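Note that the protein sequences, when read in sequence, are chains E and P.
The numbering of the first sequence is our numbering, which starts it at 2 and goes up by one.
The numbering of the second sequence is our numbering, which starts it at 2 and goes up by one.
Protein chains: 2
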Amino acid sequence: MRTLYHLWLSPFCRKVRIALQEKKAEFDLKAENVWDRRPEFLAINPAGEVPVLIEPDGTAISGSQVICEYLEDTIPEPAMLGKTPLERAEVRRLVQWFDEKFNREVTENLVGEKVNKRFLKLGQPDSSAIRAGYTNIHHHLGYIAYLVDRRKWLAGDQFSLADIAAAAHLSCVDYIGDVPWNESPSAKDWYARIKSRPSFRPLLGDQIPGVPPPKHYADLDF
Amino acid sequence: MRTLYHLWLSPFCRKVRIALQEKKAEFDLKAENVWDRRPEFLAINPAGEVPVLIEPDGTAISGSQVICEYLEDTIPEPAMLGKTPLERAEVRRLVQWFDEKFNREVTENLVGEKVNKRFLKLGQPDSSAIRAGYTNIHHHLGYIAYLVDRRKWLAGDQFSLADIAAAAHLSCVDYIGDVPWNESPSAKDWYARIKSRPSFRPLLGDQIPGVPPPKHYADLDF
Numbered sequence: 002m003r004t005l006y007h008l009w010l011s012p013f014c015r016k017v018r019i020a021l022q023e024k025k026a027e028f029d030l031k032a033e034n035v036w037d038r039r040p041e042f043l044a045i046n047p048a049g050e051v052p053v054l055i056e057p058d059g060t061a062i063s064g065s066q067v068i069c070e071y072l073e074d075t076i077p078e079p080a081m082l083g084k085t086p087l088e089r090a091e092v093r094r095l096v097q098w099f100d101e102k103f104n105r106e107v108t109e110n111l112v113g114e115k116v117n118k119r120f121l122k123l124g125q126p127d128s129s130a131i132r133a134g135y136t137n138i139h140h141h142l143g144y145i146a147y148l149v150d151r152r153k154w155l156a157g158d159q160f161s162l163a164d165i166a167a168a169a170h171l172s173c174v175d176y177i178g179d180v181p182w183n184e185s186p187s188a189k190d191w192y193a194r195i196k197s198r199p200s201f202r203p204l205l206g207d208q209i210p211g212v213p214p215p216k217h218y219a220d221l222d223f
Numbered sequence: 002m003r004t005l006y007h008l009w010l011s012p013f014c015r016k017v018r019i020a021l022q023e024k025k026a027e028f029d030l031k032a033e034n035v036w037d038r039r040p041e042f043l044a045i046n047p048a049g050e051v052p053v054l055i056e057p058d059g060t061a062i063s064g065s066q067v068i069c070e071y072l073e074d075t076i077p078e079p080a081m082l083g084k085t086p087l088e089r090a091e092v093r094r095l096v097q098w099f100d101e102k103f104n105r106e107v108t109e110n111l112v113g114e115k116v117n118k119r120f121l122k123l124g125q126p127d128s129s130a131i132r133a134g135y136t137n138i139h140h141h142l143g144y145i146a147y148l149v150d151r152r153k154w155l156a157g158d159q160f161s162l163a164d165i166a167a168a169a170h171l172s173c174v175d176y177i178g179d180v181p182w183n184e185s186p187s188a189k190d191w192y193a194r195i196k197s198r199p200s201f202r203p204l205l206g207d208q209i210p211g212v213p214p215p216k217h218y219a220d221l222d223f
């Protein structure tokens, strides 16, 4: 059995959880409080970050994109990176879009300020960062709508890691009720299709102590 | 002929320049002042960032890791990501180490504060960020030494994209004279081996107007 070291509201860990489910790879979840800098965990990943995947033989793979590329290498079907070099480039471009740009402009400004900062006792949320997050998410929902108005899924005709990465980030922001779904029917329809996938269901059952999700979080009809 | 849109002191663009040279792929360089947000460039890459590679047929690939994975897909030899899934996971882990952790802890604190900030007229360099950069680079040189004391190259017996990414970042910091090479003979020896590769030579000839490099920057015996 594989083990995934993770944190509940980390979009990067959620991305790997969905990817493992899509590949039908069984795994146990272990929450790792990375801020404790546990020596045994640092020995596994000197960067001290989650996600880290432990293979059944004890091999450790660190970092969400490294893990997802490794899964695609070792469990090729169903493909989640595309079949041709150009398809893979488009999937990876969009994964990077969400893991870097969306993360910096939205996830960190909203989930980072409102939840992580409180949890780590790093002081009061920065209201200007939160305002920036609210402004930025409109542009990103617009980009998602632009893409799915032209393609079946974000990167093309096939469901891919681009959809997984985008949904992983949005699910964290949705957990705190900060996604203005009603302003973008196309983006909402795309997310509803993701929510109904069996790979995504476990995330909808997440309950973080002291931070209950809004009622619509787990609803397929939201 | 390929075209690479780039910026001279961007470690991500340097990484792609070295990778293209290693793959013996000919290309023209075009400097793109991304802060101008030129509409024609935004149409090519909506993220508005370099590097962007234009293939001879006009196809555009954006983002340093996306481009490098695409090059490995389309020009497999010489391999720069490793041959087995585990080798590739170790190469990608270290690429991410340098592109994210080293970039955040060192490159942005030193090159970002001292050069980019002045160039973009973003105010005075932040002296606490610069101090953090000086402190952090010791740990990273120590990690490079730790790796090359145990392996021929950073990720194993073969030269790889891990070496390319690490050297791309260090070359930017070295351009402003901020790498304390003498404190780490192993790291210095590794960098000397990189400097002597033909793929790295063009970077040593870079001259940024108004920001001359120190004399040792281009010296193979530094």
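C-beta atoms are modelled at their ideal positions from N, C-alpha and C, and glycine is treated no differently.
Quick caveat, the model's predicted, so the values are computed rather than measured.
Quiz prompt | Reference Val116 (chain E), options E:Glu56, E:Pro210, E:Leu72, E:Lys153, closest by Cα | solution = From the listed residues E:Glu56, E:Pro210, E:Leu72, E:Lys153, the smallest Cα separation to Val116 (chain E) is found for E:Pro210.
Exercise. Please check if any C-beta of chain P sits within less than 7 Å of the C-beta of Ser161 (chain E).
Key: At least 7 Å separates the CB of Ser161 (chain E) from every CB of chain P.
Practice problem: Within 10 angstroms of the Cβ of Lys122 (chain E), are there 16 or more other Cβ atoms? Answer buried if so, exposed if not. | Solution: The Cβ neighbour count for Lys122 (chain E), taken over all protein chains shown within 10 Å, is under 16; the residue is labelled exposed.
Quiz item: Since Ala26 (chain P) contacts Ile76 (chain P) with CB under 8 Å, what's their CB separation in whole angstroms?
Solution: Taking C-beta atoms under 8 Å as the contact rule, Ala26 (chain P) and Ile76 (chain P) qualify, at a distance of about 6 Å.
Self-check item: Beta-bridge partners of Ala32 (chain E), as assigned by DSSP
Solution: Among the bridge pairs identified by DSSP, Ala32 (chain E) is matched with E:His7.
Practice problem: Spell out a yes or no on whether the segment 106 to 120 of chain E and the segment 65 to 73 of chain P are touching, meaning 3 or more CB-CB pairs, one atom from each, closer than 8 Å. | Solution: No, they do not touch.
Exercise. State buried or exposed for Gly157 (chain P), treating a residue as buried only when at least 16 other CB atoms are found within 10 Å of its CB.
Key: By the 10 Å Cβ count, Gly157 (chain P) comes out buried.
Quiz item: How about Ala48 (chain P): is its C-beta nearer than 7 Å to some C-beta of chain E?
Solution: When Cβ-Cβ separations below 7 Å define contact, Ala48 (chain P) makes contact with chain E.
Practice problem: State the beta-bridge partners of Val53 (chain E) as determined by DSSP. | Solution: Beta-bridge pairing links Val53 (chain E) to E:Tyr6, E:Ser63.
Quiz item: What in chain P is Cβ-close to Tyr71 (chain E), meaning under 9 Å?
Solution: Under the 9 Å cutoff, chain P gives Pro86, Leu87, Arg89, Ala90, Arg93.
Quiz prompt | Extent of the continuous alpha helix (DSSP H) to which Gly134 (chain E) belongs | solution = In the DSSP annotation of this structure, the continuous segment of the alpha helix (DSSP H) that includes Gly134 (chain E) starts and ends at 128 to 149.
Exercise. Taking all protein chains shown into account, decide if Leu221 (chain E) is buried (16 or more other Cβ within 10 angstroms of its Cβ) or exposed.
Key: Leu221 (chain E) counts as exposed, since fewer than 16 other C-beta atoms from the protein chains shown sit within 10 angstroms of its C-beta.
Practice problem: In the DSSP assignment, find the unbroken alpha helix (DSSP H) run with His217 (chain E) in it and report its ends. | Solution: Premise fails: His217 (chain E) is in no alpha helix (DSSP H) and is neither H nor E.
Quiz item: In the DSSP assignment, what residue or residues form a beta bridge with Gly157 (chain P)?
Solution: Gly157 (chain P) is bridged by DSSP to P:Trp154.
Quiz prompt | is_contact[Ile76 (chain P), chain E] using C-beta, thresh 7 Å | solution = So, not an interface residue.
Exercise. Let me know if Pro52 (chain P) comes out buried or exposed under the rule of 16 or more other beta-carbons within 10 Å of its beta-carbon.
Key: The residue is buried, with at least 16 neighbouring Cβ atoms inside 10 Å.
Quiz item: Taking one C-beta from the segment 125 to 133 of chain P and one from the segment 185 to 203 of chain P each time, how about it: are there three or more such pairs within less than 8 Å?
Solution: Three or more beta-carbon pairs separated by less than 8 Å are not found between the segment 125 to 133 of chain P and the segment 185 to 203 of chain P, which leaves the two stretches without contact.
Quiz item: Which bits of chain E does Thr136 (chain P) rub up against, with CB to CB less than 9 Å?
Solution: Going along chain E, no residue has its Cβ under 9 Å from Thr136 (chain P), so there is no contact; the nearest lies around 17 Å.
Quiz item: Alpha carbon to alpha carbon, how far is Gly206 (chain E) from Arg202 (chain P)?
Solution: Distance between the alpha carbons of Gly206 (chain E) and Arg202 (chain P) is about 54 Å.
Exercise. Note down, in chain order, every chain E residue with its Cβ under 8 Å from the Cβ of Lys102 (chain P).
Key: Under the 8 Å cutoff, chain E gives Ala48.
Quiz item: Nearest chain P C-beta to Val67 (chain E) closer than 7 Å, yes or no?
Solution: Chain P, which has a Cβ nearer than 7 Å to the Cβ of Val67 (chain E), makes this yes.
Quiz item: When burial is assigned at 16 or more other CB atoms within 10 Å of the CB, is Ala44 (chain E) buried or exposed?
Solution: Classification of Ala44 (chain E): exposed, given that the 10 Å Cβ count is below 16.
Quiz item: Can you find a C-beta in chain B that's less than 7 Å from the C-beta of Ser128 (chain E)?
Solution: In the structure shown, chain B cannot be found, because the protein chains are E and P.
Self-check item: Alpha-carbon spacing of Ala167 (chain E) relative to Asp100 (chain E), whole angstroms
Solution: The straight-line gap from Cα to Cα measures roughly 8 Å.
Exercise. Mind listing the chain E neighbours of Thr4 (chain P)? Cutoff is C-beta to C-beta under 9 Å, in chain order.
Key: Chain-order list of chain E residues neighbouring Thr4 (chain P): empty, with the shortest C-beta distance near 16 Å, by a criterion of under 9 Å.
Self-check item: C-alpha gap between Lys24 (chain P) and Leu54 (chain P), whole angstroms
Solution: Cα-Cα distance, rounded: 14 Å.
Quiz prompt | Same chain only: Cβ atoms within 7 Å of Ser172 (chain P), ignoring 5 sequence neighbours per side | solution = Excluding sequence neighbours, Ser172 (chain P) sits near Arg15, Leu204.
Quiz prompt | Contacts of Ile62 (chain E) in chain P (Cβ-Cβ under 7 Å) | solution = Think of a sphere of 7 Å around the beta carbon of Ile62 (chain E): the chain P residues whose beta carbon falls inside it are Ala90, in chain order.
Practice problem: Anything in chain E within Cβ reach of Trp98 (chain P), meaning under 8 Å, just list it in chain order. | Solution: Chain order gives the chain E residues near Trp98 (chain P) as Ala48, where near means a beta carbon separation below 8 Å.
Quiz item: In three-state terms, what does DSSP make of Ile177 (chain P)?
Solution: Here Ile177 (chain P) carries a coil assignment [DSSP, helix/strand/coil].
Quiz item: Of the residues E:Pro79, E:Ala163, E:Ile195, which one's Cα is nearest the Cα of Val67 (chain P)?
Solution: For the residues E:Pro79, E:Ala163, E:Ile195, the minimum Cα distance to Val67 (chain P) belongs to E:Ala163.
Quiz prompt | Nonlocal neighbours in the same chain, by C-beta distance under 6 Å from Pro215 (chain P), ignoring five residues either side | solution = Non-local beta-carbon contacts of Pro215 (chain P) in its own chain, meaning distances under 6 Å to residues more than five positions away in sequence, involve Gly178 in chain order.
Quiz item: Got a sec, what are the start and stop residues for the alpha helix (DSSP H) Glu41 (chain E) sits in?
Solution: Per DSSP, Glu41 (chain E) belongs to the alpha helix (DSSP H) from 40 to 45.
Quiz item: Is the CB-CB distance between Leu148 (chain E) and Ser185 (chain E) below 7 Å?
Solution: No; because the gap between Cβ atoms is not below 7 Å, this pair is not in contact.
Quiz prompt | Collapsed DSSP secondary structure at Ile76 (chain E) in the structure displayed | solution = Correct three-state label for Ile76 (chain E): coil.
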